[in-house]
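In this note's numbering, the protein residues as written are 16 to 300.
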(Lines of atoms letter the chains of each structure in order from A and count residues from 1; the text may use other names and numbers.)
(Lines give C-alpha, C1' and ligand atoms only; values in the text may rest on other atoms or scores of the structure.)
Protein backbone atom coordinates (compact mmCIF):
# COMPACT_ATOMS: atom_id res chain seq x y z
CA UNK A 1 0.00 0.00 0.00
CA UNK A 2 1.16 3.50 -0.79
CA UNK A 3 0.95 6.46 1.59
CA UNK A 4 -1.53 8.99 0.20
CA UNK A 5 -1.39 11.63 2.97
CA UNK A 6 0.58 12.49 6.09
CA UNK A 7 -0.73 14.55 8.97
CA UNK A 8 -1.95 14.03 12.52
CA UNK A 9 -5.00 13.06 14.52
CA UNK A 10 -5.89 16.09 16.63
CA UNK A 11 -7.61 14.98 19.86
CA UNK A 12 -8.01 17.96 22.19
CA UNK A 13 -4.43 19.09 22.83
CA UNK A 14 -3.05 15.67 21.85
CA UNK A 15 -1.66 15.20 18.34
CA UNK A 16 -0.88 11.80 16.86
CA UNK A 17 1.24 11.85 13.69
CA UNK A 18 -0.20 9.35 11.18
CA UNK A 19 0.16 8.11 7.63
CA UNK A 20 -2.96 7.43 5.56
CA UNK A 21 -3.38 4.40 3.29
CA UNK A 22 -6.30 3.38 1.10
CA UNK A 23 -8.16 0.56 2.89
CA UNK A 24 -10.03 -0.81 -0.11
CA UNK A 25 -9.42 -1.61 -3.76
CA UNK A 26 -11.88 -2.26 -6.56
CA UNK A 27 -11.20 -5.55 -8.31
CA UNK A 28 -12.45 -5.85 -11.86
CA UNK A 29 -11.11 -6.59 -15.32
CA UNK A 30 -9.87 -3.47 -17.06
CA UNK A 31 -10.49 -3.07 -20.77
CA UNK A 32 -8.64 -0.94 -23.30
CA UNK A 33 -10.37 0.70 -26.23
CA UNK A 34 -9.27 -0.64 -29.62
CA UNK A 35 -9.88 0.41 -33.22
CA UNK A 36 -12.45 -2.14 -34.51
CA UNK A 37 -10.99 -2.33 -38.01
CA UNK A 38 -7.32 -3.04 -37.20
CA UNK A 39 -7.14 -3.64 -33.40
CA UNK A 40 -4.96 -0.58 -32.75
CA UNK A 41 -4.98 0.88 -29.24
CA UNK A 42 -6.90 4.13 -28.87
CA UNK A 43 -4.73 6.78 -27.22
CA UNK A 44 -5.83 10.00 -25.57
CA UNK A 45 -3.77 13.16 -25.75
CA UNK A 46 -3.88 16.34 -23.69
CA UNK A 47 -4.42 19.02 -26.31
CA UNK A 48 -4.76 22.77 -25.79
CA UNK A 49 -8.10 24.06 -27.08
CA UNK A 50 -6.49 27.35 -28.26
CA UNK A 51 -3.42 26.29 -30.24
CA UNK A 52 -4.15 22.58 -30.81
CA UNK A 53 -0.74 21.59 -29.39
CA UNK A 54 -0.23 18.54 -27.16
CA UNK A 55 0.57 19.62 -23.59
CA UNK A 56 2.98 17.94 -21.12
CA UNK A 57 1.83 17.31 -17.54
CA UNK A 58 4.47 19.76 -16.27
CA UNK A 59 2.74 22.57 -18.17
CA UNK A 60 -0.74 21.93 -16.75
CA UNK A 61 -2.17 24.05 -13.91
CA UNK A 62 -5.51 23.93 -12.08
CA UNK A 63 -8.15 26.37 -13.28
CA UNK A 64 -11.62 27.25 -12.00
CA UNK A 65 -14.19 28.43 -14.56
CA UNK A 66 -16.01 31.28 -12.81
CA UNK A 67 -17.98 32.14 -15.97
CA UNK A 68 -18.08 30.74 -19.51
CA UNK A 69 -14.48 30.45 -20.85
CA UNK A 70 -13.07 32.63 -18.04
CA UNK A 71 -10.76 30.99 -15.50
CA UNK A 72 -8.65 31.74 -12.46
CA UNK A 73 -5.64 29.47 -11.95
CA UNK A 74 -4.56 28.02 -8.61
CA UNK A 75 -1.09 26.74 -7.75
CA UNK A 76 -0.30 23.83 -5.42
CA UNK A 77 1.40 26.28 -3.07
CA UNK A 78 -1.77 28.40 -2.85
CA UNK A 79 -3.89 25.33 -2.13
CA UNK A 80 -1.47 24.09 0.53
CA UNK A 81 -1.48 27.48 2.27
CA UNK A 82 -5.27 27.63 2.79
CA UNK A 83 -5.97 28.62 6.44
CA UNK A 84 -7.89 25.42 7.24
CA UNK A 85 -6.74 23.31 10.24
CA UNK A 86 -8.03 20.10 8.61
CA UNK A 87 -5.47 20.46 5.80
CA UNK A 88 -2.75 19.28 8.18
CA UNK A 89 -4.71 17.32 10.79
CA UNK A 90 -7.69 15.05 11.28
CA UNK A 91 -9.62 17.32 13.63
CA UNK A 92 -11.86 15.32 15.99
CA UNK A 93 -14.98 17.39 16.62
CA UNK A 94 -17.02 15.05 18.86
CA UNK A 95 -17.90 11.42 19.52
CA UNK A 96 -21.23 9.93 18.42
CA UNK A 97 -22.95 6.54 18.48
CA UNK A 98 -22.12 4.70 15.27
CA UNK A 99 -25.75 3.83 14.54
CA UNK A 100 -26.69 7.53 14.41
CA UNK A 101 -25.03 7.90 10.99
CA UNK A 102 -26.96 6.90 7.89
CA UNK A 103 -24.67 4.72 5.68
CA UNK A 104 -25.56 6.91 2.67
CA UNK A 105 -23.06 9.46 4.01
CA UNK A 106 -20.05 7.11 3.82
CA UNK A 107 -17.69 7.54 0.90
CA UNK A 108 -14.30 5.79 1.16
CA UNK A 109 -12.24 4.02 3.83
CA UNK A 110 -8.59 4.60 4.81
CA UNK A 111 -6.22 3.00 7.32
CA UNK A 112 -4.39 5.31 9.74
CA UNK A 113 -0.95 4.10 10.81
CA UNK A 114 1.01 5.97 13.52
CA UNK A 115 4.39 7.54 12.92
CA UNK A 116 7.05 6.57 15.47
CA UNK A 117 6.56 9.54 17.80
CA UNK A 118 2.80 9.06 17.92
CA UNK A 119 2.74 5.34 18.72
CA UNK A 120 1.92 5.68 22.44
CA UNK A 121 -0.81 8.29 21.89
CA UNK A 122 -2.26 6.09 19.12
CA UNK A 123 -2.45 3.14 21.54
CA UNK A 124 -3.97 5.38 24.22
CA UNK A 125 -6.77 6.63 21.95
CA UNK A 126 -7.33 3.08 20.69
CA UNK A 127 -7.74 1.76 24.23
CA UNK A 128 -10.05 4.62 25.19
CA UNK A 129 -12.33 3.99 22.20
CA UNK A 130 -12.40 0.18 22.41
CA UNK A 131 -15.81 -1.45 22.96
CA UNK A 132 -17.79 1.76 23.53
CA UNK A 133 -19.62 1.60 20.14
CA UNK A 134 -18.79 5.22 19.44
CA UNK A 135 -17.00 6.77 16.49
CA UNK A 136 -15.10 10.03 16.37
CA UNK A 137 -16.61 12.63 14.05
CA UNK A 138 -13.84 14.61 12.40
CA UNK A 139 -12.88 16.86 9.50
CA UNK A 140 -9.90 16.36 7.21
CA UNK A 141 -8.79 17.95 3.94
CA UNK A 142 -6.87 16.09 1.26
CA UNK A 143 -7.07 15.66 -2.50
CA UNK A 144 -8.31 19.25 -2.92
CA UNK A 145 -11.38 18.78 -0.72
CA UNK A 146 -12.34 18.97 2.93
CA UNK A 147 -14.24 15.91 4.13
CA UNK A 148 -16.52 15.18 7.01
CA UNK A 149 -15.26 11.84 8.33
CA UNK A 150 -15.54 9.24 11.07
CA UNK A 151 -12.72 7.56 12.93
CA UNK A 152 -13.34 4.07 14.29
CA UNK A 153 -11.49 0.91 15.25
CA UNK A 154 -11.33 -2.17 13.02
CA UNK A 155 -9.43 -4.88 14.87
CA UNK A 156 -6.37 -2.94 16.04
CA UNK A 157 -6.25 -0.28 13.31
CA UNK A 158 -7.98 3.08 13.11
CA UNK A 159 -10.14 3.44 10.01
CA UNK A 160 -10.96 6.87 8.62
CA UNK A 161 -14.15 6.91 6.56
CA UNK A 162 -14.70 10.04 4.52
CA UNK A 163 -18.29 11.20 4.18
CA UNK A 164 -20.43 13.28 1.88
CA UNK A 165 -21.56 16.65 3.19
CA UNK A 166 -25.33 17.00 3.83
CA UNK A 167 -25.80 19.21 0.76
CA UNK A 168 -24.19 16.50 -1.40
CA UNK A 169 -26.94 13.99 -0.58
CA UNK A 170 -29.67 14.22 -3.19
CA UNK A 171 -33.30 14.54 -2.07
CA UNK A 172 -35.27 11.46 -3.17
CA UNK A 173 -38.09 13.27 -5.00
CA UNK A 174 -39.88 10.72 -7.21
CA UNK A 175 -43.46 11.20 -8.38
CA UNK A 176 -44.00 7.42 -8.46
CA UNK A 177 -43.67 7.26 -4.66
CA UNK A 178 -46.50 9.76 -4.16
CA UNK A 179 -49.07 7.40 -5.67
CA UNK A 180 -51.42 5.89 -3.10
CA UNK A 181 -51.17 2.09 -3.03
CA UNK A 182 -53.29 -0.15 -0.81
CA UNK A 183 -51.30 -2.91 0.90
CA UNK A 184 -53.31 -5.61 2.68
CA UNK A 185 -52.29 -6.73 6.21
CA UNK A 186 -51.89 -10.35 5.09
CA UNK A 187 -49.45 -9.23 2.39
CA UNK A 188 -47.38 -7.41 5.01
CA UNK A 189 -47.39 -10.51 7.25
CA UNK A 190 -46.29 -12.72 4.37
CA UNK A 191 -43.54 -10.25 3.38
CA UNK A 192 -42.29 -10.21 6.99
CA UNK A 193 -42.31 -14.01 6.97
CA UNK A 194 -40.14 -13.93 3.85
CA UNK A 195 -37.73 -11.50 5.51
CA UNK A 196 -37.54 -13.79 8.55
CA UNK A 197 -36.85 -16.81 6.33
CA UNK A 198 -34.00 -14.99 4.61
CA UNK A 199 -32.48 -13.58 7.82
CA UNK A 200 -29.07 -14.80 8.98
CA UNK A 201 -25.73 -13.52 10.27
CA UNK A 202 -23.46 -11.64 7.90
CA UNK A 203 -20.39 -13.61 6.86
CA UNK A 204 -18.55 -11.78 4.04
CA UNK A 205 -16.63 -14.96 3.17
CA UNK A 206 -19.88 -16.53 1.90
CA UNK A 207 -20.10 -14.03 -0.97
CA UNK A 208 -18.10 -13.81 -4.19
CA UNK A 209 -18.10 -11.64 -7.29
CA UNK A 210 -19.74 -14.07 -9.72
CA UNK A 211 -19.79 -11.54 -12.55
CA UNK A 212 -16.02 -11.02 -12.33
CA UNK A 213 -15.43 -14.79 -12.18
CA UNK A 214 -17.59 -15.35 -15.27
CA UNK A 215 -15.86 -12.48 -17.07
CA UNK A 216 -12.40 -13.88 -16.26
CA UNK A 217 -13.55 -17.29 -17.54
CA UNK A 218 -14.83 -15.72 -20.76
CA UNK A 219 -11.53 -13.87 -21.33
CA UNK A 220 -9.51 -17.05 -20.64
CA UNK A 221 -11.57 -19.00 -23.20
CA UNK A 222 -11.09 -16.29 -25.82
CA UNK A 223 -7.33 -16.21 -25.17
CA UNK A 224 -7.28 -19.99 -25.76
CA UNK A 225 -9.29 -19.58 -28.95
CA UNK A 226 -12.28 -21.54 -27.67
CA UNK A 227 -15.65 -21.15 -29.32
CA UNK A 228 -18.01 -19.01 -27.27
CA UNK A 229 -21.63 -20.09 -26.97
CA UNK A 230 -24.35 -17.80 -25.73
CA UNK A 231 -27.26 -18.80 -23.53
CA UNK A 232 -30.39 -16.69 -23.64
CA UNK A 233 -31.33 -15.47 -20.18
CA UNK A 234 -34.80 -16.43 -18.97
CA UNK A 235 -37.32 -13.63 -19.00
CA UNK A 236 -38.33 -12.63 -15.46
CA UNK A 237 -41.76 -13.98 -14.66
CA UNK A 238 -44.50 -11.41 -14.29
CA UNK A 239 -46.15 -11.20 -10.88
CA UNK A 240 -49.83 -12.01 -11.31
CA UNK A 241 -50.80 -12.65 -7.68
CA UNK A 242 -48.60 -10.91 -5.11
CA UNK A 243 -49.69 -13.16 -2.22
CA UNK A 244 -49.00 -16.29 -4.24
CA UNK A 245 -45.57 -14.96 -5.23
CA UNK A 246 -44.77 -14.17 -1.58
CA UNK A 247 -45.97 -17.60 -0.40
CA UNK A 248 -43.86 -19.37 -3.03
CA UNK A 249 -40.86 -17.22 -2.10
CA UNK A 250 -41.19 -18.12 1.59
CA UNK A 251 -41.38 -21.84 0.77
CA UNK A 252 -38.35 -21.61 -1.53
CA UNK A 253 -36.36 -19.68 1.10
CA UNK A 254 -37.15 -22.22 3.80
CA UNK A 255 -36.26 -25.12 1.52
CA UNK A 256 -32.99 -23.48 0.49
CA UNK A 257 -32.08 -22.64 4.07
CA UNK A 258 -32.70 -26.19 5.20
CA UNK A 259 -30.55 -27.75 2.48
CA UNK A 260 -27.68 -25.25 2.62
CA UNK A 261 -24.71 -25.90 4.86
CA UNK A 262 -25.07 -23.67 7.86
CA UNK A 263 -22.10 -23.06 10.18
CA UNK A 264 -22.38 -24.93 13.44
CA UNK A 265 -23.44 -22.92 16.46
CA UNK A 266 -20.12 -23.65 18.13
CA UNK A 267 -18.31 -22.22 15.08
CA UNK A 268 -20.35 -19.02 15.22
CA UNK A 269 -19.80 -18.74 18.96
CA UNK A 270 -16.07 -19.23 18.42
CA UNK A 271 -16.17 -16.43 15.81
CA UNK A 272 -17.82 -14.13 18.34
CA UNK A 273 -15.20 -15.04 20.96
CA UNK A 274 -12.43 -14.35 18.46
CA UNK A 275 -13.92 -10.93 17.60
CA UNK A 276 -14.24 -10.12 21.31
CA UNK A 277 -10.64 -11.22 21.85
CA UNK A 278 -9.51 -8.92 19.06
CA UNK A 279 -11.29 -5.98 20.69
CA UNK A 280 -9.64 -6.72 24.02
CA UNK A 281 -6.29 -7.00 22.30
CA UNK A 282 -6.88 -3.63 20.61
CA UNK A 283 -7.57 -2.15 24.01
CA UNK A 284 -4.29 -3.56 25.31
CA UNK A 285 -5.96 -5.96 27.80
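A virtual CB, placed ideally from N, CA and C, is assigned to each residue, including glycine.
Among residues of its own chain, excluding the 5 on either side of residue i, which ones have a beta-carbon nearer than 7 angstroms to its beta-carbon?
{"i": "residue 33", "result": "22, 23, 24, 127, 128, 129, 130 and 133"}
{"i": "residue 80", "result": "86"}
{"i": "residue 55", "result": "49"}
{"i": "residue 234", "result": "44"}
Our contact map puts residue i next to residue j with C-beta atoms below 8 angstroms; I'd like the distance itself, whole angstroms only.
{"i": "residue 185", "j": "residue 174", "result": "That belief does not hold up - the Cβ atoms of residue 185 and residue 174 are roughly 26 angstroms apart, past 8 angstroms."}
{"i": "residue 209", "j": "residue 265", "result": "5 angstroms"}
{"i": "residue 92", "j": "residue 153", "result": "Residue 92 to residue 153, Cβ: 26 angstroms. No contact."}
{"i": "residue 183", "j": "residue 101", "result": "Not quite, the Cβ-Cβ distance comes to about 17 angstroms (not below 8 angstroms), so this is no contact."}
{"i": "residue 110", "j": "residue 151", "result": "6 angstroms"}
{"i": "residue 138", "j": "residue 112", "result": "With 8 angstroms as the limit, residue 138 and residue 112 do not qualify as a contact, their Cβ atoms being about 24 angstroms apart."}
So what's residue i in DSSP terms, helix, strand or just coil?
{"i": "residue 37", "result": "strand"}
{"i": "residue 120", "result": "helix"}
{"i": "residue 138", "result": "helix"}
{"i": "residue 64", "result": "coil"}
{"i": "residue 152", "result": "strand"}
{"i": "residue 32", "result": "strand"}
{"i": "residue 261", "result": "helix"}
{"i": "residue 132", "result": "helix"}
{"i": "residue 72", "result": "helix"}
{"i": "residue 221", "result": "helix"}
{"i": "residue 161", "result": "strand"}
{"i": "residue 127", "result": "strand"}
{"i": "residue 44", "result": "coil"}
Need the endpoints of the beta strand (DSSP E) that residue i sits in, please.
{"i": "residue 200", "result": "Counting along the chain, residue 200 falls outside any beta strand (DSSP E), though it belongs to the alpha helix (DSSP H) covering 200–212."}
{"i": "residue 21", "result": "18–26"}
{"i": "residue 108", "result": "104–112"}
{"i": "residue 79", "result": "77–82"}
{"i": "residue 174", "result": "172–178"}
{"i": "residue 50", "result": "No beta strand (DSSP E) holds residue 50; DSSP gives it neither H nor E."}
Along the alpha helix (DSSP H) that carries residue i, what are the first and last residues, could you check?
{"i": "residue 237", "result": "225–238"}
{"i": "residue 93", "result": "91–95"}
With a CB to CB cut of under 8 angstroms and the five nearest residues on each side skipped, what residues in its chain are close to residue i?
{"i": "residue 202", "result": "257, 258 and 261"}
{"i": "residue 70", "result": "61, 62 and 63"}
What residues in its chain sit with their C-beta under 6 angstroms from that of residue i, if we drop five residues either side in the sequence?
{"i": "residue 103", "result": "22"}
So, does the region 43–62 touch the region 220–237, judging by three or more C-beta pairs under 8 angstroms? In this structure the region 43–62 lies against the region 220–237, because at least three pairs of beta carbons, one per stretch, are closer than 8 angstroms.
Three or more C-beta pairs below 8 angstroms linking the region 187–202 and the region 114–123: The region 187–202 is not in contact with the region 114–123.
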